[in-house]
Amino acid sequence: MNYPFWDVPVSYGVLMAVIAVFHVFVSHFAIGGGLYLVVSEHLARKAGDARRLEFLERLSKFFVLTTLVAGALTGVGIWFIIGLISPTATEALIHNYVWGWATEWTFFVVEIAAAMIYFYGWKTMAPRAHMAVGWIYFVFAWLSLFIINGIVTFMLTPGQWLATGDFWDGFFNPTFWPSLVLRTGVCVMLAGLYALLVVARCEAGGFKERTVRWSAGWGVAGLAVTAVCQYWYWKAIPAAVTAKALQTMPTPIHSMEISVWLAVAIGALLVVFGLLAPRKLGYGAAAALMVLGLAWFGAFEWFRESIRKPYILAGYIYGNGVEVAQADRYKKEGLLAQMAFKTGDDGADLFRHACQSCHMLNGYKALKPAFDGMDRAFIAAIVRATHQLKGNMPPFPGTAAEAEKIAGYLGHHTDKRPLAEIYKLEGVELGRKAYAIRCGVCHVIGAASDKSQSFAGQSADDLNNMLNTAADLGEGMPAYTGDAAERKALVAFLQELGKGGKK
Amino acid sequence: MNLPDYQFISAPLWLVTVLHLLTLSLHFMAMNFLLGGVIITLLSNARKRWDDATAVKFARLFPAATAATVTLGVAPLLFLQLVYPRQVYAAAIVSGWFWLGVPAAVIVAYYALYRASFAGQRTGRAGKAVLLLALAGLLYVSLVYSSVFSMAEQPGLIRDLYARDQSGFVWNPAVGDYALRWLHMVFGALTVGGFFVGLLGRNDVEVFATGKRFFVGGMVAAALVGMAYLLALQEHLLALMRSPAIWALTASVLLSLVSLHFFFKKNFWLSGIMLFLSLAGMVFVRHTVRLLRLAGEFDLASWRVAPQWSPFAMFLACFVVMLVVVAWMLRMFFGAKKSAA
Numbered sequence: 001m002n003y004p005f006w007d008v009p010v011s012y013g014v015l016m017a018v019i020a021v022f023h024v025f026v027s028h029f030a031i032g033g034g035l036y037l038v039v040s041e042h043l044a045r046k047a048g049d050a051r052r053l054e055f056l057e058r059l060s061k062f063f064v065l066t067t068l069v070a071g072a073l074t075g076v077g078i079w080f081i082i083g084l085i086s087p088t089a090t091e092a093l094i095h096n097y098v099w100g101w102a103t104e105w106t107f108f109v110v111e112i113a114a115a116m117i118y119f120y121g122w123k124t125m126a127p128r129a130h131m132a133v134g135w136i137y138f139v140f141a142w143l144s145l146f147i148i149n150g151i152v153t154f155m156l157t158p159g160q161w162l163a164t165g166d167f168w169d170g171f172f173n174p175t176f177w178p179s180l181v182l183r184t185g186v187c188v189m190l191a192g193l194y195a196l197l198v199v200a201r202c203e204a205g206g207f208k209e210r211t212v213r214w215s216a217g218w219g220v221a222g223l224a225v226t227a228v229c230q231y232w233y234w235k236a237i238p239a240a241v242t243a244k245a246l247q248t249m250p251t252p253i254h255s256m257e258i259s260v261w262l263a264v265a266i267g268a269l270l271v272v273f274g275l276l277a278p279r280k281l282g283y284g285a286a287a288a289l290m291v292l293g294l295a296w297f298g299a300f301e302w303f304r305e306s307i308r309k310p311y312i313l314a315g316y317i318y319g320n321g322v323e324v325a326q327a328d329r330y331k332k333e334g335l336l337a338q339m340a341f342k343t344g345d346d347g348a349d350l351f352r353h354a355c356q357s358c359h360m361l362n363g364y365k366a367l368k369p370a371f372d373g374m375d376r377a378f379i380a381a382i383v384r385a386t387h388q389l390k391g392n393m394p395p396f397p398g399t400a401a402e403a404e405k406i407a408g409y410l411g412h413h414t415d416k417r418p419l420a421e422i423y424k425l426e427g428v429e430l431g432r433k434a435y436a437i438r439c440g441v442c443h444v445i446g447a448a449s450d451k452s453q454s455f456a457g458q459s460a461d462d463l464n465n466m467l468n469t470a471a472d473l474g475e476g477m478p479a480y481t482g483d484a485a486e487r488k489a490l491v492a493f494l495q496e497l498g499k500g501g502k503k
Numbered sequence: 504m505n506l507p508d509y510q511f512i513s514a515p516l517w518l519v520t521v522l523h524l525l526t527l528s529l530h531f532m533a534m535n536f537l538l539g540g541v542i543i544t545l546l547s548n549a550r551k552r553w554d555d556a557t558a559v560k561f562a563r564l565f566p567a568a569t570a571a572t573v574t575l576g577v578a579p580l581l582f583l584q585l586v587y588p589r590q591v592y593a594a595a596i597v598s599g600w601f602w603l604g605v606p607a608a609v610i611v612a613y614y615a616l617y618r619a620s621f622a623g624q625r626t627g628r629a630g631k632a633v634l635l636l637a638l639a640g641l642l643y644v645s646l647v648y649s650s651v652f653s654m655a656e657q658p659g660l661i662r663d664l665y666a667r668d669q670s671g672f673v674w675n676p677a678v679g680d681y682a683l684r685w686l687h688m689v690f691g692a693l694t695v696g697g698f699f700v701g702l703l704g705r706n707d708v709e710v711f712a713t714g715k716r717f718f719v720g721g722m723v724a725a726a727l728v729g730m731a732y733l734l735a736l737q738e739h740l741l742a743l744m745r746s747p748a749i750w751a752l753t754a755s756v757l758l759s760l761v762s763l764h765f766f767f768k769k770n771f772w773l774s775g776i777m778l779f780l781s782l783a784g785m786v787f788v789r790h791t792v793r794l795l796r797l798a799g800e801f802d803l804a805s806w807r808v809a810p811q812w813s814p815f816a817m818f819l820a821c822f823v824v825m826l827v828v829v830a831w832m833l834r835m836f837f838g839a840k841k842s843a844a
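Quick mapping for you: the protein sequence lines, in order, are chains A and B.
Heads up: the first sequence at position 486 corresponds to 486 in the working numbering, and the numbers run straight through without jumps.
Numbering-wise, the working numbering comes out as the position in the second sequence, counting from 1, plus 503.
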C-alpha cells in the first residue's frame, strides 16, 4: 500500500498480456533464431552453399530488426508495466533478485553486441570468426533465458525460499528445470516458424524445398520437446495448486487445454506443409503457423499467470499487492491506514487497492453486472468473504467497516432496480439469474461446491426457510436480501435444480 | 511461518551507488551521442554545411548508438529501482501512460534510425523525415524522464497530483522544475554530439569546424542552463554548496574545459576521457541533488543492508566475462573491417 494506484479503463491482465505475450514470442525466437542461424551457416559453409548463405544473411537482417528492436524494447516494456500495475511485487522481486537481473544484463550486453557484429560482419569477417560470434550470441542469449527463467518460475513456485529467503533456494525452484527445457524447446520451435515465414517468400524450387524441410524440422523438434515438458512442468507444480485449479479455476485449465489443441494444430501444419509437401508452403500457411505459435504462447503464459491465483508471488504477495505476512495486520488496522496515497474517496481507494488489480467495474471480470440489482448488505457480505468465492480469490484485506465502504462505492455504480426489471426476466429464468448472482459465486452447478442435490424433494416453504436463515448456514454465507418476486423465482429455480432438471 | 522480508538492499549501499552512477554515466554518454548526433545531423543537413558522405557515416552509427543507449540504460534503472522504488514507481504511476509510452517511442525512434542507416546515400527528404521522427521519439523519452524523475524527488507533489487525478495522464505541472534540467541535458547532448562529429570528421576541415561549434556552443549553453538550474534549487543550493558535490561540480567544469583543450589539439582520446569524467562528476551532483530534495521524506540510511555475496560474485564474474567477450568481438570486427579496407 506504499504506492498510488493506476486507475485505467483497461484490465491490468490484458495490458500485461498484450506486452508480455508479444515479447516472449519475439525473445524466444531471439534465442532459437540465433542457434538456427549459426548452425545453418556452419552447414552452408561446409557445403559451399552460396544460395543458403545469402538466405541466412537476409534472415539475419530480419532477425536483428525483429529481436534487437521490438524484442528488446518490449522486454523493457514489461519492466515498465509491472512497475505500474504491481509495484509492490516488482519491488520485492528487485530486492531479492537484483543480482540475478544485473547478471542477466551482462548477458544482454554481449547478446546485443554479438547480434550487431554478426549481422554487420557477414561481408567482412572471416567465416570462423563470424561463426564464433554467432555461437557467442546464442550462448549468451540462452544464458539470459536461464536467469529470467529462474525469476519467472520463482513467482509461481518459490519452494524453500518462503522458509529460508535464500536467493538460490528461490532461483532453483521446483519448476525451474521443466520450464527451462520447455522454453528451450519453444525457442527451437519458433526459430523454425520464423524461418518458414522468410523462406515462404523465396522462389519455388529445390532451395526453397530444402530450406522449408530443414526449418520445419526445427519446428517439429522444438514442438516435441515443448509437449513433453509441458506435462513435466504441470507435474512440477505443487499438487495442491493443480488440484485446486482443477476444482475451482477454469481459466488456467481452459488455457492449458487450448494450448494443447494449438500445439496439435501447429504440429499438423508443420508436418503437412513442412515435411510432406514443402513445395506447397506459401506465405499464408507460414503466417498461419506464426499466428498459431503466438496463440499457443499466449495460452501457455495465460495458464502460468492464472494458475498462480490468488497470488502474484505465490505464498508471498497476493494479486492485489497485499503482502501475505501483513494481511492479518491490515485486517485489524484497516487497509486505509496503510495507504500512502489517497484521493479523499475512501470507497474508491479501497476498491482500487483491494479489487481493481483483477476486476474492473465494467469490462474484464466486471463487477457491475455481478452486483446489478443487489443491495449494499449483500455486496458487503460478498466483499468480506472473497476468499470463499469461486476462482481462488485472495482474502479481503480490510476491516468490516471498509467492506461496507467498498459496498457503498460499488452500490453507487450499479443498477439499483430489481433483477426482474433490469434483465426483463420472470419465473424460473429470473430465478436462474438470481442464483447466478447470489449463489453461483460460490456454488457452481456441476462443480464440487454444487448443492443442487440437497434441494431434492424440498418444498417451496422449506426453501424459503433456507433462504431466511442463509446467513447462518456457513461461514461467509450472505443473508438473502432479494425482493418477493426474486425470492419466488429463485425458489422455483432451486426446485428445478432439486429435480435434477433444467440447469 | 515467518516469511522473508523483502525490504532490504542486497549489497553495501556505496557499492550499489557506485554501480548506479557508473552505468548511468555510460548511458548518458551513449544517449548524448545519439540525441546530439541526430540533432546535429538534421541541423547540418538543413544548412547544407555537411557533405552527404559524412552525414551517412554518422547516420550509420545511430542504430548501434541506440542499442548502446538502451542496453546501458537498463542497469542504472535497475539500481535506481532497487534503492528508490517508492519514489520512482509512485511518480511513474501518476504519469503512467506517458511512462508506458517510453518503450513505444524508443521502438519508433529505433526503427526510424535503422531506416535512416540502411537508406545510406539515398537520403533526402524522406531521410530527413525519418530522422525527424527519430528525434521526436528521443525528445519524448527525454522529456518524460525529466518530468517523472523530477517528480520522484517530490513525494508531496505526487501525493497532491494523485489526489486530483488517478488516470495516469498527469504531466508534472512544475515545468520550471524540470525544464531547465531537461534543457541542460539537451545542450549536454549537443556537446557530446559535437565531440563525436569532430572525431569522425577530424580529417575534414569543415566537418571538424561543425563539431567544434557544437562542442563549444553546447558546452556554454549547458553551463548557463546548469547554473540557472542550480539557482532554481533555492533552499537546496546552500546545502549543495556545503556537500562534497560542490567539489565534483568544480572538477566537472574544469574537466570539461580540459576536454575542450584536447579537442582543439585533436587529441580525442584524452578529450573523450575528460569529457566522460566531467559527465560522471555531473551525474554525482545530480545524485546529491536528489538526496537533498528527498531529505525529510527519505533517508538512505533507513535501508536494511543484507548482502547476497554469492549472487553478487556471479554478477561480478559475468561482468568481467562481458568486458572480455565484447572487447574480443569488437577487435575481430574492426580488425576484419580494416583488412577489408
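All C-beta atoms, glycine included, are put in the ideal place defined by N, C-alpha and C.
Keep in mind the model is a prediction, meaning the values are calculated, not measured.
request  = For the stretch 91-102 of chain A, enumerate the residues whose C-beta is nearer than 9 Å to any C-beta of chain B, in chain order.
outcome  = Residues Glu91, Ala92, Leu93, Ile94, His95, Asn96, Tyr97, Val98, Trp99, Gly100, Trp101, Ala102.
query = Based on the DSSP output, what are the partners of Ile512 (chain B) in its beta bridges?
reply = On the second sequence, position 9 is the one that residue 512 (chain B) refers to. For Ile512 (chain B), which the question treats as bridged, DSSP gives the partners B:Val808.
task = Measure the alpha-carbon distance for Ser547 (chain B) versus Thr713 (chain B) and round it to whole angstroms.
result = Taking the first residue of the second sequence as position 1, residue 547 (chain B) is located at position 44. Taking the first residue of the second sequence as position 1, residue 713 (chain B) is located at position 210. Ser547 (chain B) and Thr713 (chain B): Cα-Cα distance of roughly 8 Å.
Buried versus exposed, by CB contacts within 10 Å (16 or more), Trp750 (chain B) = In the second sequence, residue 750 (chain B) corresponds to position 247, counting from 1. Answer is exposed; the Cβ neighbour count stays below 16.
Cβ neighbours of Ile19 (chain A) in the same chain (closer than 8 Å, five flanking residues each side left out) = Within the first sequence, numbered from 1, the residue matching residue 19 (chain A) stands at position 19. Same-chain partners within the cutoff: Thr74, Gly77, Ile78, Ile81.
message = So if I threshold CB-CB distances at 8 Å, which residues from the stretch 104-131 of chain A count as touching chain B?
response = Taken in chain order, the members of the stretch 104-131 of chain A whose beta-carbon sits within less than 8 Å of a beta-carbon on chain B are Trp105, Thr106, Phe107, Phe108, Val109, Val110, Ile112, Ala113, Ala114, Met116, Ile117, Tyr120, Gly121, Lys123, Thr124, Met125, Ala126, Ala129.
query = Thr74 (chain A) CB to nearest chain B CB: under 8 Å?
reply = Along the first sequence, read from residue 1 onward, the residue named residue 74 (chain A) stands at position 74. Look at Thr74 (chain A): its C-beta is under 8 Å from a C-beta on chain B.
Thr753 (chain B) classed as buried or exposed, judged by whether at least 16 other C-beta atoms fall within 10 angstroms = Position 250 of the second sequence, counted from the start, is the residue given in the question as residue 753 (chain B). With fewer than 16 Cβ atoms within 10 Å of its Cβ, Thr753 (chain B) is classed as exposed.
ask   = chain A partners of Lys840 (chain B), CB-CB under 8 Å?
value = Sequence index remark: in the second sequence, residue 840 (chain B) carries index 337 (1-based). By Cβ distance, chain A contributes Thr124.
key: Neighbourhood of Asp7 (chain A) by C-beta distance below 8 Å, restricted to the same chain and skipping five residues each side   = Counting from one through the first sequence, the residue named residue 7 (chain A) turns up at place 7. Once the five neighbours on either side are set aside, the close Cβ partners of Asp7 (chain A) are Arg352, Gln356.
query = With burial defined as no fewer than 16 other Cβ atoms inside 10 Å of the residue's Cβ, what is the status of Asp483 (chain A): buried or exposed?
reply = In the first sequence, counting from the first residue as 1, residue 483 (chain A) sits at position 483. Under this definition Asp483 (chain A) is an exposed residue.
task = Determine the DSSP secondary structure at Glu323 (chain A), reduced to helix, strand or coil.
result = Your numbering for residue 323 (chain A) matches position 323 in the first sequence. Looking at Glu323 (chain A) - three-state DSSP - the assignment turns out to be strand.
task = Kindly say whether Ser311 (chain A), judged by its beta-carbon, lies nearer than 8 Å to any beta-carbon of chain B.
result = Numbered from its first residue, the first sequence carries residue 311 (chain A) at position 311. Inspection of the sequence shows that residue 311 (chain A) is occupied by Tyr rather than by Ser. No, no contact with chain B.
Integer Cβ distance of Pro579 (chain B) from Thr526 (chain B), believed to fall under 8 Å = Stepping through the second sequence from its first residue, residue 579 (chain B) is reached at position 76. Stepping through the second sequence from its first residue, residue 526 (chain B) is reached at position 23. Right, the Cβ-Cβ distance comes to about 4 Å (below 8 Å), so this counts as a contact.
ask   = Quick one: is Pro4 (chain A) near chain B, going by C-beta distance under 8 Å?
value = Counting from one through the first sequence, the residue named residue 4 (chain A) turns up at place 4. It does: the Cβ of Pro4 (chain A) has a partner Cβ on chain B nearer than 8 Å.
Any 3 or more C-beta pairs closer than 8 Å across the stretch 260-273 of chain A and the stretch 281-293 of chain A = Cβ pair count under 8 Å is three or more, so yes.
query = CA-CA distance, Gly13 (chain A) and Met360 (chain A)?
reply = Looking up residue 13 (chain A) in the first sequence gives position 13. Looking up residue 360 (chain A) in the first sequence gives position 360. If I take the Cα positions, the gap works out to 11 Å.
key: Contact set between Met817 (chain B) and chain A, taken where Cβ atoms lie within less than 7 Å   = Residue mapping note: residue 817 (chain B) aligns to position 314 of the second sequence, counting from 1. What Met817 (chain B) touches in chain A: Trp99, Thr103.
ask   = Quick one: which chain A residues come within Cβ less than 9 Å of Met532 (chain B)?
value = Mapped onto the second sequence, residue 532 (chain B) falls at position 29. Per Cβ cutoff of 9 Å: no residues; Met532 (chain B) is ~15 Å from chain A at best.
request  = Flag this pair as touching only if the stretch 82-102 of chain A and the stretch 789-803 of chain B have three or more C-beta atom pairs under 8 Å; answer yes or no.
outcome  = Too few Cβ pairs lie closer than 8 Å, so no.
request  = For Phe171 (chain A), count neighbouring C-beta atoms within 10 Å of its own C-beta (all shown protein chains included) and say buried if the count is 16 or more, exposed if not.
outcome  = Here residue 171 (chain A) corresponds to residue number 171 of the first sequence, with the count starting at 1. That one is buried.
message = Among the candidates B:Leu518, B:Gly704, B:Trp600, B:Ala692, whose CA atom is the shortest distance from the CA of Val559 (chain B)?
response = In the second sequence, counting from the first residue as 1, residue 559 (chain B) sits at position 56. Val559 (chain B) has its Cα closest to that of B:Gly704, out of B:Leu518, B:Gly704, B:Trp600, B:Ala692.
key: Cβ-Cβ separation, Ile258 (chain A) to Ile307 (chain A) (assumed contact under 8 Å), whole Å   = The sequence position of residue 307 (chain A) within the first sequence is 307, counting from 1. The sequence position of residue 258 (chain A) within the first sequence is 258, counting from 1. Contact between Ile307 (chain A) and Ile258 (chain A) is absent: CB atoms are separated by about 14 Å, not below the 8 Å threshold.
ask   = Per the contact definition of three or more C-beta pairs closer than 8 Å, is the stretch 374-384 of chain A in contact with the stretch 402-422 of chain A?
value = yes
key: Cβ-based neighbour list, Leu473 (chain A), same chain, cut-off 6 Å, excluding 5 preceding and 5 following   = For the purposes of this step, residue 473 (chain A) is taken as the residue at position 473 of the first sequence. Counting only Cβ-Cβ distances below 6 Å, and skipping sequence neighbours, we find nothing.
message = List, in chain order, every chain A residue whose beta-carbon is nearer than 7 Å to that of Phe822 (chain B).
response = As a working note, residue 822 (chain B) is residue 319 in the second sequence. Chain order gives the chain A residues near Phe822 (chain B) as Thr106, where near means a beta carbon separation below 7 Å.
ask   = What number of angstroms, rounded off, separates the C-alpha of Trp675 (chain B) from the C-alpha of Asn2 (chain A)?
value = Working through the second sequence from its first residue, we reach residue 675 (chain B) at position 172. Working through the first sequence from its first residue, we reach residue 2 (chain A) at position 2. It is worth fixing the name first, because residue 675 (chain B) is Asn in this sequence and not Trp. So the two alpha carbons sit approximately 20 Å from each other.
task = Return the CA-CA distance between Leu797 (chain B) and Ser528 (chain B), expressed in angstroms with no decimal places.
result = Locating residue 797 (chain B) in the second sequence gives position 294, where the first residue counts as 1. Locating residue 528 (chain B) in the second sequence gives position 25, where the first residue counts as 1. If you take the alpha carbons of Leu797 (chain B) and Ser528 (chain B), they lie about 22 Å apart.
message = Please state whether the Cβ-Cβ distance between Gly427 (chain A) and Ala492 (chain A) is less than 8 Å.
response = Taking the first sequence and counting its residues from 1, the one referred to as residue 427 (chain A) is at position 427. Taking the first sequence and counting its residues from 1, the one referred to as residue 492 (chain A) is at position 492. Closer than 8 Å, so yes.
query = Should Tyr283 (chain A) go down as buried or exposed, given a rule of 16 or more other Cβ atoms within 10 Å for buried?
reply = Counted from its first residue, the first sequence places residue 283 (chain A) at position 283. By the Cβ-count criterion, Tyr283 (chain A) is exposed, with fewer than 16 other Cβ atoms from all chains shown falling within 10 Å of its own Cβ.
query = Among A:Tyr435, A:Val241, A:Gly185, which residue has its Cα nearest to the Cα of Trp218 (chain A)?
reply = What you label residue 218 (chain A) is simply residue 218 of the first sequence in a count that begins at 1. When only C-alpha atoms are compared, the closest one is A:Gly185.
task = Have a look at Asn149 (chain A) and Trp161 (chain A) and give me their C-alpha separation to the nearest angstrom.
result = Stepping through the first sequence from its first residue, residue 149 (chain A) is reached at position 149. Stepping through the first sequence from its first residue, residue 161 (chain A) is reached at position 161. Cα to Cα, Asn149 (chain A) sits roughly 16 Å from Trp161 (chain A).
query = How about Leu693 (chain B) and Ile542 (chain B): do their beta carbons lie closer than 8 Å?
reply = Taking the first residue of the second sequence as position 1, residue 693 (chain B) is located at position 190. Taking the first residue of the second sequence as position 1, residue 542 (chain B) is located at position 39. Note that the C-beta distance between Leu693 (chain B) and Ile542 (chain B) is below 8 Å.
message = Can you tell me where the alpha helix (DSSP H) holding Leu289 (chain A) begins and where it ends?
response = As a first step, residue 289 (chain A) is located in the first sequence; it is residue number 289 there, counting from the start. First-last of the alpha helix (DSSP H) with Leu289 (chain A): 283-306.
ask   = What whole-angstrom Cβ distance do Val597 (chain B) and Leu664 (chain B) have, given they're in contact under 8 Å?
value = Here residue 597 (chain B) is taken as the residue at index 94 of the second sequence, counted from 1. Here residue 664 (chain B) is taken as the residue at index 161 of the second sequence, counted from 1. Between Leu664 (chain B) and Val597 (chain B) the Cβ distance is about 5 Å, and since that is below 8 Å, they are a contact.
query = So, are the CB atoms of Gly539 (chain B) and Gly697 (chain B) less than 8 Å apart?
reply = Within the second sequence, numbered from 1, the residue matching residue 539 (chain B) stands at position 36. Within the second sequence, numbered from 1, the residue matching residue 697 (chain B) stands at position 194. Yes, these two residues count as a Cβ contact at 8 Å.
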